[in-house]
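Visitor:
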Amino acid sequence: MLCAQRGYKCVIVMAEPFSVERRKLMRFMGAKVIITPKAGKGTGMVAKAKELSQKHGWFLCSQFENEASAAFHKATTGPEILADFEGQRLDYFVLGYGTGGTFAGAGAAIKAERPDVKIVLGEPEAAHS
């Protein structure tokens with residue numbers, strides 16, 4: 001969205017199993033979407049993004065290694081969840097797998113305040129197979 005708003009060209013590399021809706025949304029906002037084979041899963045997608053970045057001199061946001069994601073979720077998402085459950089029982093925090101930023105950041109914030117909460121990472125069985 002930021003690229004669309006600022007008029008930057010944007011190339012998104014995603015693995016074949018990612019939703020068609022996600023691809024359509026990216027294209028709607030003006031991004032070029034490059035699909036990698038599902039056999040390569042997430043590592044194939046990241047490798048292709050790195051290859052294109054080096055070849056063309058493009059900025060690579062390194063979404064999976066960027067510590068700002070976890071820091072953001074630790075400062076915002078975690079405290080928001082804790083506020084929503086203030087005075088209430090919270091046994092589990094279950095979330096879907098993505099870059100790991102929400103898991104690491106929000107999970108850390110929740111664990112710091114409520115160490116007994118179980119943090120569970122889930123992914124559908126056929127999500128990236």
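Counting with UniProt numbering, you get residues 1 to 129 for the letters of the sequence shown. Note that CB positions come from ideal geometry on N, CA and C, so glycine has one too. What you are looking at is a predicted structure, and each value in this text was computed from that prediction instead of being measured.
1. Pop quiz: V117 and Y97 are said to be a contact at Cβ under 8 Å. What is the actual Cβ separation, rounded to whole angstroms?
2. Cα separation between K48 and I12?
3. Taking K38 and A15 to be in contact with their CB atoms under 8 Å, please state how far apart those CB atoms are, rounded to whole angstroms.
4. If you count every other CB in all the chains shown that lies within 10 Å of the CB of I34, and 16 or more means buried, which is it?
5. DSSP puts Y92 in a beta bridge; with which residues?
Guide: By the coordinates alone:
1. Residue mapping note: residue 117 aligns to position 117 of the sequence shown, counting from 1. Residue mapping note: residue 97 aligns to position 97 of the sequence shown, counting from 1. Not really, about 18 Å apart at Cβ, beyond 8 Å.
2. In the sequence shown, residue 48 corresponds to position 48, counting from 1. In the sequence shown, residue 12 corresponds to position 12, counting from 1. Cα to Cα, K48 sits roughly 10 Å from I12.
3. Start at 1 with the first residue of the sequence shown, and residue 38 comes out as number 38. Start at 1 with the first residue of the sequence shown, and residue 15 comes out as number 15. K38 to A15, Cβ: 6 Å. Contact.
4. Along the sequence shown, one-based indexing puts residue 34 at 34. Looking at its Cβ environment, which holds fewer than 16 other Cβ atoms inside 10 Å, I34 is exposed.
5. On the sequence shown, position 92 is the one that residue 92 refers to. K118.
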